[in-house]
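Report on the following structure.
Numbering (the numbering used here), first residue to last: 7 to 285.
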């Protein structure tokens, strides 16, 4: 058993797959931390011990597709949402707080919309309410420019080759553009590159971008309908004032267009970028 201040690596059985997770703390008050792209569960390395010292069991699983054991075979965004609840089952808890960054925030929002009874609260890092985001971006077309990379990701094979080329220079460029002024430590950058270079991982990460816009698929249309439901759990949205991916200016309009049955709060960290939890 690890102490509250120690982070341990564990394996969880999530719908038949062995998923690697970092865990700090103990007990039934679980905070599930979901990472984004291009990133790994290590993004929460500083947050987990802090949450554990506050009395929580903090768990950061590797999202499906981001390690070789789960990168084989087709998976979509619905699978990621299903994994949230399967992870809670594997941890032996009925409910948890959800903290998500980037893609993890998208998954956390969809999970809270689908089964609010199993979500104590939601913290969405760098992603405003998903259902209202397209309209908020369209109100000011310049907000769409930082998201142009998503169009390139629709050509999966080409984008995967580009991201892996030149010692992942394109990945490093995304980090610098999205969080100007923040420099990922060399050891963490090497660990990130190694994780993303594992067989099938980059293709899986890019594939989720394709799935999110595949409106001809019934499962994708169901997710979009889910994102437009009222937010029925206490929710906090954190925006980086210098975010070069999702502009902070999109958060206010998105929250204003979203119906909350409980608390819905926005906080903007003026000096932070997209990876605000690390900054």
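In this text, a Cβ means the ideal position worked out from N, Cα and C, and glycines have one as well. These numbers come from a predicted model, not from an experiment.
- Taking one beta carbon from each stretch, the region 223-240 and the region 114-121 have 3 or more pairs nearer than 8 angstroms; the two touch.
- In this structure, the alpha-carbon of residue 122 lies about 23 angstroms from that of residue 27.
- By the neighbour-count definition (other C-beta atoms within 10 Å, threshold 16), residue 18 is a buried residue.
- Its Cα nearest to that of residue 218, the residue 140 stands out among 283, 140, 181, 144.
- Nearest C-alpha to residue 21 among 50, 35, 69: 69.
- Burial of residue 213 is indicated by the presence of at least 16 other C-beta atoms within 10 angstroms of its C-beta.
- Here the alpha carbons of residue 172 and residue 270 stand approximately 43 angstroms from one another.
- The residue among 272, 102, 51 with its C-alpha nearest the C-alpha of residue 245 is 272.
- Within the same chain, Cβ atoms closer than 7 angstroms to the Cβ of residue 124 are found at 91, 94, 100, 101, the five residues on either side in sequence being excluded.
- Taking the Cβ atoms as the reference, residue 87 lies roughly 16 angstroms from residue 105, outside the contact range of under 8 angstroms.
- Counting along the chain, residue 28 sits inside no alpha helix (DSSP H); it lies in the beta strand (DSSP E) bounded by residues 23-30.
- Where residue 66 is concerned, the enclosing beta strand (DSSP E) starts and stops at 63-67.
- About 5 angstroms separates the CB atoms of residue 142 and residue 256; that is less than 8 angstroms, so the two are in contact.
- For the options 55, 62, 108, 261, the alpha carbon positioned closest to that of residue 44 is the one of 108.
- Distance from residue 82 to residue 227 at the Cβ level is roughly 12 angstroms; contact not present, criterion being Cβ atoms closer than 8 angstroms.
- Taken in chain order, the whole beta strand (DSSP E) runs of length 3 or more contained in the region 51-120 are 63-67, 102-107.
- Restricting attention to beta strand (DSSP E) runs no shorter than 3 residues, the region 187-267 encloses them at 241-246, ordered along the chain.
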